[in-house]
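Engineer: I am attaching a structure below and will ask some questions about it afterwards.
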Amino acid sequence: AEIPRWIRLRLQAYGDDLVSIKAFGLEVVTDLCQRLIQGGAPALHFYTMNQSVATEAILSQLPHA
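Under my numbering, the first residue of the sequence shown carries the number 7, and numbering increases by one thereafter.
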């Protein structure tokens with residue numbers, strides 16, 4: 007899969023700043039999840055691969071029904 011140009015450019019701008027990179031990733035994925043919900047997705051499914059911290063952060067940012 008190809009990373010969209012606007013995402014690639016933002017990531018490059020962060021250089022090695024891992025805190026900013028993770029915050030940006032959280033923002034992008036949370037926005038995508040919100041758009042899916044607003045578009046009528048009946049549910050979201052996350053593969054956490056035993057690394058649930060990021061998923062928990064995303065879910066905490068989404069409005070609760």
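Cβ atoms here follow ideal geometry from the backbone N, Cα and C, with glycine treated the same way.
1) Looking at the structure shown, is serine 58 part of a helix, part of a strand, or coil, going by DSSP?
2) From proline 48 to glutamate 8, what distance separates their C-alpha atoms?
3) Looking at the unbroken alpha helix (DSSP H) that takes in glycine 31, where does it start and where does it end?
4) Is the segment 52 to 70 in contact with the segment 25 to 41, if contact means three or more CB pairs nearer than 8 Å?
5) Roughly how many whole angstroms lie between the Cα atoms of glutamine 18 and leucine 24?
6) Nearest by alpha-carbon distance to arginine 41: which of Trp12, Arg11, Pro10, Pro69 is it?
Structural biologist: Taking the coordinates as given:
1) coil
2) 27 Å
3) For glycine 31, the enclosing alpha helix (DSSP H) begins and ends at 24 to 44.
4) The segment 52 to 70 and the segment 25 to 41 touch, with no fewer than 3 CB-CB distances between them shorter than 8 Å.
5) 11 Å
6) Pro69
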